[in-house]
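Novice:
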Amino acid sequence: MIRLERVHKSFGSKVVLAGLSLEVPAGMNTVIIGGSGSGKSVTLKLIVGLLEPDAGRIEVDDKNVPDLDREELAQLRGQIGYVFQFAALLDSMTVAENIRLGLVKRGLDEAAIRTRIEESLETVELSGQQERYPAELSGGMRKRVGIARAVALRPRYILYDEPTTGLDPLTAAVMDRLMQRTRDLGVTGVVVTHDMRSAFTVGDHIAMLHEGVIRQVGTVAELRATTDPVVRQFIEGRPDDVEPHPRRSVS
Amino acid sequence: MTVVSSLFTVHPPLYLPHVSISLASRLTDPAGLVARVGRWTTDAARALADVATWRPLLLEQMRRLGVDSVPIAIFIAVFTGIVLALLSSYIFTGAVPLYFVGALVGKTVMMELGPVLTGMALAGRVGANIAAELGTMRVTEQVDALETLAYDKYAYLVVPRVIAATLMFPIVTSFAMGVGVASGWITATNVLDLSTAEFLKGLKQFYLFKDIWFGLVKSASFGAAVALMGCLQGLGTEGGAEGVGRSTTRAVVLGCESILVLDAFWALVLL
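Quick note, the sequences are listed as chains A and B, same order. Residue numbering for the first sequence follows numbering that gives the first Met the number 0, beginning at 0 and increasing consecutively. Residue numbering for the second sequence follows numbering that gives the first Met the number 0, beginning at 0 and increasing consecutively.
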């Protein structure tokens with residue numbers, strides 16, 4: 000279980016999170032939506048300990064992440080896969096070496112590592128791409144390798160940072176299917192996105208982040224039926240100066 | 000857990016040119032710089048214990064930072080030897096016996112110009128290489144990715160580079176010393192009116208074993224400083240391609256400045 004309680008985070012004078020509280024149910028995909036610069040990616044980085052909060056608690060499996068020492072943090076990160084917005088593959092390494100990196104750290108033997116690499120690439124439908132370098136892959140393929148790198152670790156949680164941003168609709172649909180597939184394997188997912196089609200497809204719960212706090216959280220059906228004007232405006236993708244369209248569907 | 004990026008951010012006054020950035024920042028916030036460097040060095044030292052992470056990467060870094068730097072070091076040494084021989088002959092003519100050319104070339108190349116000029120050249124090549132590579136990794140979240148895979152970024156990125164540079168700078172410098180003295184000898188015997196026996200007489204007359212190890216100890220410290228500055232600036236990079244450029248410039252400037260400071264330090268301590 001991931002739980003954030005009254006989390007505050009600022010960068011200089013810019014307040015990004017102003018008391019954010021959120022619970023991520025186990026075994027489900029929770030999608031965090033919100034505008035650009037609203038703190039969605041910062042929230043993910045706080046969960047995995049890449050950033051420290053100014054105040055508040057960030058609990059993963061009942062451990063407060065900011066209180067963990069280096070060893071404990073490394074152990075916790077062994078339970079969490081992280082899919083970066085632009086994949087963040089090490090460009091000096093092949094696809095296989097990128098996936099291998101995390102497995103070596105877990106002390107797996109060579110045969111187990113090879114099996115995991117093949118399995119994870121099969122999961123993301125990239126079998127046979129082991130020896131290619133990130134520069135030789137398309138954006139969508141790089142993101143899928145990012146997922147493979149996370150899935151290969153068999154984590155309990157996967158954090159996805161803008162997984163479908165910048166992808167064509169078909170590749171985005173493939174990404175959505177992968178996120179659903181990992182959820183079906185029992186992995187708890189936290190997906191940060193402003194792609195509403197993807198959010199409604201992969202999300203079991205959706206939380207709207209606005210002005211540093213969670214404005215509304217609920218199931219997909221609850222969000223679709225929301226009467227909150229801010230949430231409604233966001234999911235309809237309607238600028239401030241445009242009146243709501245009575246017949247417009249958010250699906 | 001340390002948020003390195005915030006520690007390393009340097010905010011120079013905008014009106015200063017880039018070359019003055021490192022100096023300006025130290026003048027405006029010397030205590031802050033010392034604290035940042037101290038904290039960072041502590042983290043890096045702790046990473047030394049993570050041998051399983053850095054040891055497999057060491058040989059590759061030694062090749063990249065050391066072996067690949069030999070050509071530029073030799074190029075500099077050849078011309079240093081030539082200039083020293085000609086210059087000393089010009090200074091000594093009529094006042095000092097010409098075989099002292101051998102003494103001056105040997106002493107100067109081994110104790111000062113070999114280590115310092117090689118160090119400066121490698122500050123450009125190695126320092127810039129490290130800062131640009133780590134800076135790019137930083138802004139493309141590759142460093143964050145390493146951390147989420149449970150790697151210590153200091154053990155994976157910093158320690159192998161610093162150890163490799165510390166070990167390889169003296170080796171590269173020793174090549175430069177040999178080549179510098181040899182080019183001085185070739186110049187003296189072919190351009191000046193000096194025989195090999197006279198050149199060797201001058202070379203041996205004032206030679207001390209300390210001359211060599213003094214130069215090599217210095218160059219090891221230069222290697223450590225250049226690599227540390229490159230890593231420090233690279234991991235502190237913010238803001239895309241422009242940030243990488245800024246970090247690279249700072250790494251080279253700080254590396255060269257560190258070499259000069261260390262050069263004076265070793266002269267005070269060891270001579």
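Using N, Cα and C, we set each Cβ at its ideal position, and we do this for glycine too. Treat the numbers as computed from the prediction; the structure is a model and nothing was measured.
I'd like to check one pair, B/Leu116 with B/Ile75: are the Cβ atoms closer than 7 Å?
Specialist: Walking along the second sequence from the start, residue 75 of chain B turns up at place 76. Walking along the second sequence from the start, residue 116 of chain B turns up at place 117. Against a cut-off of 7 Å, the Cβ pair of B/Leu116 and B/Ile75 comes out as a contact.
Novice: Let me see if you follow: with CB-CB separation under 7 Å, is A/Gly101 close to chain B or not?
Specialist: Here residue 101 of chain A is taken as the residue at index 102 of the first sequence, counted from 1. Yes, A/Gly101 lies at the interface with chain B (some Cβ there is under 7 Å from its Cβ).
Novice: Output needed in chain order: residues of the region 45-59 of chain A with a Cβ under 8 Å from some Cβ in chain B.
Specialist: Val47, Gly48, Leu49, Leu50, Glu51
Novice: Beta-carbon within less than 8 Å of A/Ala134's beta-carbon, same chain only, minus the 5 sequence neighbours each way: which residues are those?
Specialist: Taking the first residue of the first sequence as 1, we reach residue 134 of chain A at position 135. Excluding residues within five positions, the ones whose Cβ falls inside 8 Å are Asp90.
Novice: Short of 7 Å Cβ to Cβ, which residues in the region 100-123 of chain A face chain B?
Specialist: Leu100, Gly101, Lys104
Novice: In the structure shown, what three-state DSSP assignment does B/Glu59 receive?
Specialist: Start at 1 with the first residue of the second sequence, and residue 59 of chain B comes out as number 60. In the structure shown, B/Glu59 sits in a helix (DSSP, three-state: H, G or I).
Novice: Under a Cβ-count criterion, where at least 16 other Cβ atoms within 10 Å of its own Cβ denotes burial, should B/Leu253 be classed as buried or exposed?
Specialist: The residue labelled residue 253 of chain B in the question sits at position 254 within the second sequence. Buried is the call here.
Novice: Put B/Tyr98 into one of helix, strand or coil per three-state DSSP.
Specialist: As a working note, residue 98 of chain B is residue 99 in the second sequence. Taken through DSSP and simplified to helix, strand or coil, B/Tyr98 comes out as coil.
Novice: Does the beta-carbon of B/Ser246 have 16 or more other beta-carbons within 10 angstroms, so that it is buried, or is it exposed?
Specialist: If you number the second sequence from 1, residue 246 of chain B lands on position 247. Buried, by the Cβ-count rule.
Novice: Give a yes or no on whether 7 Å exceeds the smallest Cβ distance from B/Leu103 to chain A.
Specialist: One-based indexing of the second sequence puts residue 103 of chain B at position 104. Chain A contact via Cβ: absent.
Novice: Starting from A/Ala17, trace the alpha helix (DSSP H) both ways and give me its first and last residue.
Specialist: Taking the first residue of the first sequence as position 1, residue 17 of chain A is located at position 18. Counting along the chain, no alpha helix (DSSP H) covers A/Ala17; the unbroken beta strand (DSSP E) around it starts and ends at 13-23.
Novice: Restricting to runs no shorter than 3 residues, where is the beta strand (DSSP E) found entirely within the region 124-178 of chain A?
Specialist: 156-160
Novice: Should A/Leu16 be labelled buried (16 or more other beta-carbon atoms within 10 Å of its own) or exposed?
Specialist: Position 17 of the first sequence, counted from the start, is the residue given in the question as residue 16 of chain A. By the neighbour-count rule (16 or more Cβ atoms within 10 Å), A/Leu16 is buried.
Novice: Compare the Cα-Cα distances from A/Val30 to each of A/Arg237, A/Gln84, A/His193, A/Leu50 and report the closest residue.
Specialist: In the first sequence, counting from the first residue as 1, residue 30 of chain A sits at position 31. Taking only the C-alpha atoms, the option nearest A/Val30 is A/His193.
Novice: Between B/Ala72 and chain A, is there a C-beta pair that is closer than 7 Å?
Specialist: As a working note, residue 72 of chain B is residue 73 in the second sequence. Judged by the 7 Å Cβ criterion, B/Ala72 is not in contact with chain A.
Novice: What number of angstroms, rounded off, separates the C-alpha of B/Leu199 from the C-alpha of B/Val180?
Specialist: Counting from one through the second sequence, the residue named residue 199 of chain B turns up at place 200. Counting from one through the second sequence, the residue named residue 180 of chain B turns up at place 181. Distance between the alpha carbons of B/Leu199 and B/Val180 is about 10 Å.
Novice: Compare the Cα-Cα distances from B/Ser173 to each of B/Trp53, B/Asp42, B/Leu112 and report the closest residue.
Specialist: Stepping through the second sequence from its first residue, residue 173 of chain B is reached at position 174. Nearest C-alpha to B/Ser173: B/Leu112.
Novice: Measuring only the C-alpha atoms, how far is A/Glu117 from A/Ser126?
Specialist: Here residue 117 of chain A is taken as the residue at index 118 of the first sequence, counted from 1. Here residue 126 of chain A is taken as the residue at index 127 of the first sequence, counted from 1. Rounded to whole angstroms, A/Glu117 to A/Ser126 spans 7 Å at the Cα level.
Novice: Comparing the C-beta of A/Asp87 with each C-beta of chain B, is any distance below 7 Å?
Specialist: The residue labelled residue 87 of chain A in the question sits at position 88 within the first sequence. Note that residue 87 of chain A is Ala in the sequence shown here, rather than Asp. Yes, because at least one Cβ of chain B sits closer than 7 Å to the Cβ of A/Ala87.
Novice: Starting from the beta carbon of B/Gln141, find every residue of chain A whose beta carbon is closer than 7 Å, and list them in chain order.
Specialist: As a first step, residue 141 of chain B is located in the second sequence; it is residue number 142 there, counting from the start. Proximity of chain A to B/Gln141 at the Cβ level (cut-off 7 Å) is accounted for by Ala87, Leu89, in chain order.
Novice: CA-CA distance, B/Gln141 and A/Gln215?
Specialist: Locating residue 141 of chain B in the second sequence gives position 142, counting from the first residue. Locating residue 215 of chain A in the first sequence gives position 216, counting from the first residue. Cα-Cα distance, rounded: 33 Å.
Novice: Does DSSP classify A/Glu96 as helix, strand or coil?
Specialist: Within the first sequence, the letter at position 97 stands for residue 96 of chain A. In the structure shown, A/Glu96 sits in a helix (DSSP, three-state: H, G or I).
Novice: Skipping 5 residues on each side, what residues in its chain have a beta carbon closer than 8 Å to that of A/Met27?
Specialist: Position 28 of the first sequence holds residue 27 of chain A. Within the same chain, A/Met27 has close Cβ partners Arg182, Thr187, Gly188, Asp203, His204.
Novice: Could you tell me which chain A residues have their CB closer than 7 Å to the CB of B/Tyr150, listed as they occur along the chain?
Specialist: Start at 1 with the first residue of the second sequence, and residue 150 of chain B comes out as number 151. Taking the beta carbon of B/Tyr150 as reference, the chain A residues within 7 Å of it are Lys104, listed in sequence order.
Novice: Take B/Gly71 as the anchor and find which of B/Ala226, B/Val171, B/Leu267 has the nearest alpha-carbon.
Specialist: Locating residue 71 of chain B in the second sequence gives position 72, counting from the first residue. First, the residue type needs correcting, since residue 71 of chain B is Ile and not Gly in the sequence shown. Put simply, of B/Ala226, B/Val171, B/Leu267 the residue whose alpha carbon is nearest the alpha carbon of B/Ile71 is B/Val171.
Novice: Does DSSP put B/Glu197 in a helix, in a strand, or in coil?
Specialist: As a first step, residue 197 of chain B must be located in the second sequence, where it is residue number 198. Helix.
Novice: Would the region 130-149 of chain B and the region 68-82 of chain A be scored as touching if the rule is three or more Cβ pairs under 8 Å?
Specialist: yes
Novice: Does the region 121-128 of chain B come close enough to the region 227-243 of chain B to have 3 or more Cβ pairs within less than 8 Å?
Specialist: Judged by Cβ distances under 8 Å, the region 121-128 of chain B makes contact with the region 227-243 of chain B, as three or more pairs qualify.
Novice: Can you name the residues that DSSP bridges to A/Gly217?
Specialist: As a first step, residue 217 of chain A must be located in the first sequence, where it is residue number 218. A/Gly217 is bridged to A/Ile205.
Novice: Can you pull the chain D residues whose beta carbon is under 8 Å from the beta carbon of A/Arg76, in chain order?
Specialist: Among the chains of the structure shown, chain D does not appear; the protein chains present are A and B.
Novice: Which one or two residues does DSSP pair with A/Leu184 in a beta bridge?
Specialist: Locating residue 184 of chain A in the first sequence gives position 185, counting from the first residue. Per DSSP, none; premise fails for A/Leu184.
Novice: Please name the residue in A/Gly34, A/Phe85, A/Leu3 whose C-alpha comes closest to that of A/Pro24.
Specialist: Taking the first sequence and counting its residues from 1, the one referred to as residue 24 of chain A is at position 25. Among A/Gly34, A/Phe85, A/Leu3, the Cα nearest to that of A/Pro24 is on A/Leu3.
Novice: Tell me the DSSP secondary structure of A/Ser9 in three-state form.
Specialist: Counting from 1 along the first sequence, the entry for residue 9 of chain A is found at position 10. Three-state result, A/Ser9: strand.
Novice: Using the C-alpha atoms, what's the distance from B/Lys209 back to B/Leu215?
Specialist: As a position in the second sequence, residue 215 of chain B is number 216, starting the count at 1. As a position in the second sequence, residue 209 of chain B is number 210, starting the count at 1. If you take the alpha carbons of B/Leu215 and B/Lys209, they lie about 10 Å apart.
Novice: Buried or exposed: B/Pro114, going by 16 or more other Cβ atoms within 10 Å of its Cβ?
Specialist: Taking the first residue of the second sequence as 1, we reach residue 114 of chain B at position 115. Buried: at least 16 other Cβ atoms inside 10 Å.
Novice: At a CB-CB cut-off below 8 Å, which residues of chain B make contact with A/Phe83?
Specialist: Stepping through the first sequence from its first residue, residue 83 of chain A is reached at position 84. Those are Glu140, Asp143, Ala144, listed as they occur along chain B.
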